[in-house]
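Below is one structure, written out as structure tokens, with a few remarks after it.
Chains as they are written, first to last, in the numbering used here: chain A, 1 to 114; chain B, 1001 to 1116.
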């Protein structure tokens, strides 16, 4: 069964610094990989998704993620953090191709310090 | 266009009571999912509807939980005889059919359930 591990339940960065949120999936390559963001008292918003078309995926709000099969990773990065990036971030994998339930990591809370 | 909507946004109930949570998916979306988000367990899949197929109920934690989807659109998640451990945020998501979307799910704002 697919599983996702997010290293670090809480990450704190200074405004303008690099953001790196880590995600590793289980050994079998999932069809799709996603990063979602959740702002307080809101639902999940899609940041970006990997569908095997390209290993480097660009998303909204300046975020990007790189799929590395050799490392079973899909880490999320942003060159320069902004105060508005403070939120909870979830990495997720699909169980199979097409419309199927997602398996989520535990989430990483990002704090941005002025 | 309109996104996924859920009602109520907040629900407080007493232990042992039944509750119904409603989800209106994005118009035309064929797949609908329910997830539960709680502090200790993170985001857990509960149940999944795809078109007219039988729902995938593999994530329901007990037989107190059930869901239906009427007319391929609106869904209701019912929790009978609520327990304090049912307190969580219940999230609904929907997906359109088609390769273009590659399984992307669009989430509603959630219903925050508190069982006293």
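Glycine included, each C-beta is placed from N, C-alpha and C at the ideal position.
Query	Result
When the cut-off is 8 Å and only beta carbons count, does residue 49/A lie next to chain B?	yes
Measuring CA to CA, which of 1051/B, 1029/B, 1021/B, 1012/B is closest to residue 1003/B?	1029/B
With a cut-off of 8 Å, do at least 3 Cβ pairs link the region 75-83 of chain A to the region 97-106 of chain A?	no
Going along chain B, which residues have a C-beta under 9 Å from residue 74/A?	None at all; the shortest Cβ gap to chain B is about 15 Å.
Taking the alpha-carbon of residue 6/A as reference, which of 89/A, 71/A, 114/A, 67/A has the nearest alpha-carbon?	89/A
Using the Cα positions of residue 1041/B and residue 1088/B, report the straight-line distance between them to the nearest angstrom.	10 Å
Please compile the residues from chain A whose C-beta is within a distance smaller than 8 Å of the C-beta of residue 1050/B.	99
Give the interface partners of residue 102/A over in chain B, defined as CB-CB distance under 9 Å, in chain order.	1033, 1035, 1043, 1045, 1093, 1103, 1105
Which same chain residues end up closer than 6 Å to residue 62/A when comparing Cβ atoms and leaving out the 5 residues on each side of it in sequence?	78
To the nearest angstrom, how far is it from the Cα of residue 64/A to the Cα of residue 76/A?	6 Å
Determine the chain A residues that contact residue 1008/B at a beta-carbon separation under 8 Å, and present them in chain order.	Those do not exist, as residue 1008/B stays about 14 Å from chain A at its closest Cβ, beyond 8 Å.
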